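Asks: Residue numbers (my numbering), protein chains in the order written: chain X, 4 to 463; chain E, 4 to 463.
Below is the structure I would like to discuss, written out as structure tokens.
2 protein chains.
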Amino acid sequence: MSLTAILDRIDAELPAATDRLLELMRIPSISTDPAYKAQCEEAADWLVRDLQALGVTAEKRATPGHPMVVGHVDGPKGATGRHVLFYGHYDVQPVDPVELWVSDPFDAKVEDTAKGKVIRGRGAGDDKGQLMTFLEACRAYRDVTGEMPCKITFFFEGEEESGSPSLIPFMQENADELRADIALICDTGLFQSKTPAIVTMLRGMVSEQVKIIGPKVDLHSGFFGGLAMNPIRVLSDMLAGLHDATGRVTLEGFYDGIPELSPAMRAQWEGLGFDHAGFLGDVGLSVLAGEDARMPLEMIWSRPTAEVNGIWGGYTGAGFKTVLPSEASAKISFRLVEGQDPDRVRDAFRAHVAAHLPADCTAEFHAHGGSRAGIMETSDPAFEAARAALSDEWPLPAAYVGCGGSIPIAGHFGEILGMTAMLIGFGKDDDAIHSPNEKYDMESFHKGTRSWARILDAIG
Amino acid sequence: MSLTAILDRIDAELPAATDRLLELMRIPSISTDPAYKAQCEEAADWLVRDLQALGVTAEKRATPGHPMVVGHVDGPKGATGRHVLFYGHYDVQPVDPVELWVSDPFDAKVEDTAKGKVIRGRGAGDDKGQLMTFLEACRAYRDVTGEMPCKITFFFEGEEESGSPSLIPFMQENADELRADIALICDTGLFQSKTPAIVTMLRGMVSEQVKIIGPKVDLHSGFFGGLAMNPIRVLSDMLAGLHDATGRVTLEGFYDGIPELSPAMRAQWEGLGFDHAGFLGDVGLSVLAGEDARMPLEMIWSRPTAEVNGIWGGYTGAGFKTVLPSEASAKISFRLVEGQDPDRVRDAFRAHVAAHLPADCTAEFHAHGGSRAGIMETSDPAFEAARAALSDEWPLPAAYVGCGGSIPIAGHFGEILGMTAMLIGFGKDDDAIHSPNEKYDMESFHKGTRSWARILDAIG
């Protein structure tokens, strides 16, 4: 009854909620690029103000990098419900190649499309739109009932897209303040854009930058070519050697300790009817690029990968320059699964590079982030309560799924705070997060907000 | 006697000659970059004016690209000496990475160094300084004798550093005007910076740009990684596959028709005492990177190569972006030797790329230049006359040598105009041409000018 009123309030408030989201999206809070430091601060300030408007005691908390936003609010007086922590991130990915965007990535707007209304702009789906579904659910709850459904701690990060360097120290230093009964994280999607899903398996990640250095200056490829080693050749050999002919990653010990998928989980995943041909077809591909003889969902959920995320060296401008360059670089990341240790993978990668280096070349490494895979325990009753609430809101029943992306925070809640994390999100496969023309469907935003209201009502 | 006076005149005129060269070098005539089109025109105009000041009938001649400069002047009345054509190029390489230059690449200047005076700036050694040695020799000749030593055609190009797209059509359309008894080309160096040298063997070149296209948009490497092919992986595999474990290029038919070095030439090259350890050591290297069991001079003079001159794809900025990019590109060049056909090599490379392409990826090619190797016939008596003249000017006797660089013009003189070309230049190994901080030793400029005066006197 009260829930019905709250859901009605969400429906009525949708235009105003959308305007609030667009305002947040117009702040270009690109965390990986130091040029946008002030904008990250601005996004954090915006969230503090919005939380305060909800009656939350909120503040920006400094870190060596971008600030955290932390807020606290009590539930109904004398309530015996759970104390939840809600996590989201206000930082976004860079926008390049910017020339492929059809409109300014930071001039966020609502667009009518053949598939319905979408909210367009960097951060729409990752993660500002998702984060705001929870805040809008809280706002509606408070507007209707005058109070929050339960005791809530809000915790927003500004470095998720750049390896979260400040996150672990901050969680360790503020563990007592942040600890709750369960963590809610909104940074995932609907399965195949339709099935509401709770993610119980996340891949971890190790990211590395490597520079191969050969001659001490750029050389003329005519005078030195054939006699002097080209660092792009060394880099290509090393990268080509990361996979064998069956698609397996060749790093020493890379697959050690990885469990095979349980028959029960395999049966469940097979039951999801994943349309891998459609999934790849939507992005113009058709060939499974993972390990031979693995099912497609394994390839993206429960098997590790090696990907080159960027490569550069020599002359890359207009025309041609016959240079034998002094150095060549690449950014490489490994998606990790249960049983893999980030430090061991990093060490194995560096050993792989060293094994490909001629005696007169050197390698320089720069470690970016590293995190273990996250495996959630679904025995907490909140999981089944949330699954039922999601099933009530959406046309299809909710499922437990895996996710190929890395959301290290889920693991940190377990390791540092001893909390279970429940990952629920409303993104769709065509949201183009991390790509040009990122969007978030109005349906995701609207029904996502309604979903949180139902979940809070069920577990509050 | 007259020669002595001319050499004395060159000595006295050196400061003024240097100032003229610095003025030409201050024009940033970068031919490969369309942004410098006007500066290429300006350099051509400068040369027309300087030729006219020497009494040469000279003009700028339009092409679809940068202009040619052509000039004609008669020798002494009733002279029976040879008619020579002199070729040089007024365009220069790009200057990036510009941050590695110790001074503005186009604020040319004379510097005192521990090894003597050098002329510093882009184009000093390649090719403006070399080109001007010939003009200064002509100037001194005319100043002292009132006339040129022989009938001379001047032919300056502005597209040598960008594949010479207009050269062959221009030579074909103006063959009768350009034809002379012998061509003189000043774009090479002293052997090991000491031995005056006439280059009789030049490598040709094929240059290609390739783009590998995978997914139609950049993807999130977590959601798609393991299932979707990464074009950087395809590119790396293809590039790594260009060489086998013995350093040989793997393209189909790549070595077909290449002659082995004659025993006589091998003996002559062995006699040059090439210090390959010092040559590599000067640029911070120590390992021979060419084919196993080849002598170092073969690797750079008479064996073909494959080099990646540039590579790029994915995110290359600060920080890290977990993108699975839509495309990856490389610029690749092959140095060719006697017996290789540029078109066949280009075709073999494209077939090699195609063989590495998964069914759902595509490749786009862009052909840059292509030229055969140049092999000079030394039977013309001008060769021995020039060798003797060079031996008179320099402390060491002159030698016939090879050159790993590509100077396609030498072959064109033979194929289009039926002329033998004699390649004589005064560059040193540490001139850093195509690299930051390019220079030309004052000794090269001064003794180079004196060398041409001696050569013109001998063959005029």
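A virtual CB, placed ideally from N, CA and C, is assigned to each residue, including glycine.
In this text, all values refer to a predicted model and were calculated from it rather than measured experimentally.
With three or more beta-carbon pairs closer than 8 Å as the criterion, would you say the region 60–76 of chain E touches the region 147–163 of chain E?
Replies: yes
Asks: Is residue 233(X) closer than 8 Å to residue 310(E) when the C-beta atoms are compared?
Replies: yes
Asks: Could you tell me the boundaries of the beta strand (DSSP E) in which residue 395(X) lies?
Replies: Segment 384–396 is the alpha helix (DSSP H) holding residue 395(X); no beta strand (DSSP E) there.
Asks: Check whether chain X comes within 8 Å of residue 323(E), counting only Cβ atoms and requiring the distance to be less than that.
Replies: For residue 323(E), a Cβ of chain X is located within less than 8 Å of the residue's own Cβ.
Asks: In chain order, which beta strand (DSSP E) runs of at least 3 residues are fully inside the region 73–130 of chain E?
Replies: 86–92, 112–116, 119–123
Asks: Looking at residue 123(X) and residue 131(X), is the spacing between their C-beta atoms short of 8 Å?
Replies: no
Asks: Is the Cβ-Cβ distance between residue 85(X) and residue 412(X) less than 8 Å?
Replies: no
Asks: Less than 8 Å between C-beta atoms, sequence neighbours within five positions excluded: which residues of the same chain meet that for residue 256(X)?
Replies: By the criterion of a C-beta distance shorter than 8 Å, residue 256(X) is surrounded in its chain by 347, 351, once the five residues flanking it on both sides are discounted.
Asks: May I ask you to report which of helix, strand or coil DSSP gives residue 279(E)?
Replies: DSSP places residue 279(E) in the helix class (H, G or I) of the three-state scheme.
Asks: Contact between the region 378–391 of chain X and the region 274–284 of chain X: three or more CB pairs below 8 Å?
Replies: no
Asks: Just tell me which of 286(E), 426(E), 50(E) has its CA closest to the CA of residue 64(E).
Replies: 50(E)
Asks: Against chain E, with Cβ distances strictly below 8 Å, would residue 355(X) count as a contact?
Replies: For residue 355(X), the closest Cβ of chain E is not nearer than 8 Å.
Asks: Starting from residue 337(E), trace the beta strand (DSSP E) both ways and give me its first and last residue.
Replies: 330–339
Asks: Tell me whether the region 125–140 of chain E and the region 431–451 of chain E touch, counting them as touching only if at least three CB pairs, one residue from each stretch, are closer than 8 Å.
Replies: Segments in contact, yes.
Asks: Select from 242(X), 236(X), 182(X), 87(X) the residue whose C-alpha is nearest the C-alpha of residue 1(X).
Replies: Only positions 4 to 463 of chain X appear in the structure, and residue 1(X) is not among them; the question remains open.
Asks: Using only alpha-carbon positions, find the residue among 301(E), 125(E), 253(E) that is nearest to residue 439(E).
Replies: The residue from 301(E), 125(E), 253(E) with its alpha-carbon nearest to that of residue 439(E) is 125(E).
Asks: For residue 368(E), which beta-bridge partners are listed by DSSP?
Replies: In DSSP, residue 368(E) forms a bridge with 213(E).
Asks: What residues from chain X crowd round residue 318(E), counting only those whose CB sits closer than 8 Å?
Replies: For residue 318(E), the C-beta contacts it makes with chain X under 8 Å involve 97, 99, 312, 313, 334, in order along the chain.
Asks: To which residues of the same chain is residue 430(X) closer than 6 Å at the C-beta, ignoring the five residues directly before and after it?
Replies: For residue 430(X), the CB contacts under 6 Å within the same chain, skipping 5 residues up- and downstream, are 128, 192 in chain order.
Asks: Which residues in chain E sit within 8 Å of residue 12(X), going by Cβ to Cβ distance?
Replies: What residue 12(X) touches in chain E: nothing, since even the nearest Cβ is about 33 Å away.
Asks: Using the Cα positions of residue 270(E) and residue 223(X), report the straight-line distance between them to the nearest angstrom.
Replies: Approximately 27 Å, taken between the alpha carbons.
Asks: Secondary structure at residue 284(X), three-state DSSP: helix, strand or coil?
Replies: The answer is helix: DSSP assigns residue 284(X) an H, G or I state.
Asks: Pull the bridge partners of residue 423(X) from the DSSP assignment, please.
Replies: 185(X)
Asks: Under 7 Å between beta-carbons, which chain X residues line up against residue 436(E)? List them in chain order, please.
Replies: 223
Asks: Please compile the residues from chain E whose C-beta is within a distance smaller than 8 Å of the C-beta of residue 276(X).
Replies: By Cβ distance, chain E contributes nothing, its closest Cβ being about 16 Å from residue 276(X), past 8 Å.
Asks: Which of the residues in the region 189–222 of chain E, read from start to end, lie with their CB under 8 Å from any CB of chain X?
Replies: 206, 208, 210, 212, 217, 218, 219, 220, 221, 222
Asks: What ranges does the alpha helix (DSSP H) occupy inside the region 193–272 of chain X, keeping only unbroken runs of at least 4 residues that lie completely in it?
Replies: 224–227, 234–243
Asks: Would you mind sorting residue 400(X) into buried or exposed? The rule is 16 or more other CB atoms within 10 Å of its CB.
Replies: By the 10 Å Cβ count, residue 400(X) comes out exposed.
Asks: Taking the C-alpha atoms as reference points, what is the distance between residue 396(E) and residue 425(E)?
Replies: 18 Å
Asks: Between residue 410(X) and residue 342(X), how many whole angstroms is the CB-CB distance? I'm expecting something under 8 Å.
Replies: Between the beta-carbon of residue 410(X) and that of residue 342(X) there is about 18 Å, and that puts the pair past the 8 Å contact cut.
Asks: Name the chain E residues whose beta carbon is nearer than 7 Å to that of residue 363(X)?
Replies: Residues of chain E with a Cβ closer than 7 Å to the Cβ of residue 363(X) are, in chain order, 288, 289, 290.
Asks: Can you give the Cα-Cα distance for residue 408(X) and residue 278(X), rounded to whole angstroms?
Replies: 19 Å
Asks: Quick check on the burial criterion: 16 or more other C-beta atoms within 10 angstroms. Buried or exposed for residue 26(E)?
Replies: exposed
Asks: Mind reading off the beta-carbon distance from residue 231(X) to residue 288(E)? Whole number of angstroms is fine, and I expect it under 8 Å.
Replies: 5 Å
Asks: Using a threshold of 8 Å, state whether the C-beta atoms of residue 29(E) and residue 115(E) are closer than that.
Replies: no
Asks: Does the distance from the C-beta atom of residue 377(X) to that of residue 414(X) stay below 8 Å?
Replies: yes
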